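A quick write-up on the structure given underneath.
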Ligand code: CIR
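Residue numbers (the numbering used here): -1 to 254.
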């Protein structure tokens, strides 16, 4: 894989209503202070990777808005503003479109398309588009119609378990994928070297490889040991507050 250097990461802090966001997790409620503290750690860590942060204001009334990854897909050529699968999240995109218009030409996903950025994994010029509870075939087809003429190969992937495609697979360096073990024989990923995450550690599939660094959720020792093979510098962060809201490291930024 040709590693693209990332110049910018667009982020937005969890707002005062962030604890009311969508989640499938049960258990004690997450604390706003924990979300805010770990978000600040996240931003500082991205900065240490040589990335310039574009920091948007929080968006009152949209408690999931700090999971900015779902609102756009950004390539070197274009920013595609999504139509998030969760109706409550749809109007997060206006402010994202405004911010991204300073950096890229914009394209949009129209109804009846639904697409979450968490379902889009780009490795080299290959775009894997997860078909999930959030992303439908119309959304995937629209994205493919925008990106194919730009020279991207687009492959739909049935997500099944997990919220998004990137809950189960993410690109590392040198044509390696970090992938949940039950997906290791899926034909879509045949041409990659696979590092298989054991089923007890599936959450760790959401590891972010960026500018020669690996940003890894804390608490997954087998995955961490396996990632040593990549020879990249590893940074481990406590993501438990985000996990309670069904989020992880990739969803907290838009990187380009
Ligand atoms: C949601 O359900 O939309 C948020 N609570 C979590 C979104 C996580 N996004 C991502 O993994 N890309």
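Backbone N, C-alpha and C define an ideal beta-carbon position, used for all residues, glycine too.
Since we're looking at a predicted model, the values are computed, not measured.
In the three-state scheme derived from DSSP, where H, G and I count as helix and E and B as strand, residue 230 is classed as coil. Distance from the Cα of residue 31 is smallest, within the candidate group 39, 144, 25, for 39. In the DSSP assignment, no residue is bridged to residue 173.
For residue 106, same chain residues with a beta-carbon under 6 angstroms away, outside a window of 5 residues either side, are 79 in chain order. In this structure, the alpha-carbon of residue 179 lies about 20 angstroms from that of residue 118. DSSP links residue 103 through a beta bridge to 76. Contact between residue 213 and residue 4 fails: their C-beta atoms lie close to 11 angstroms from each other, not under 8 angstroms. Restricted to the segment 14 to 78, the beta strand (DSSP E) segments that are unbroken, complete and at least 3 residues in length are 50 to 53, 70 to 72, listed in chain order. For residue 225, the enclosing alpha helix (DSSP H) has its first and last residue at 219 to 225. Burial state of residue 161 is buried, judged by a 10 Å Cβ sphere holding 16 or more other Cβ atoms. As DSSP reads the structure, residue 128 sits in a beta bridge with 155.
In this structure, DSSP gives residue 180 a helical state, which the three-state scheme calls helix. Nearest to residue 159 by C-alpha distance, out of 239, 128, 222, is 128. By the Cβ test, the segment 52 to 63 is not in contact with the segment 221 to 240, since fewer than three Cβ pairs between them sit closer than 8 angstroms.
Comparing C-alpha distances from residue 166 to each of 124, 191, 202 shows the shortest one belongs to 202.
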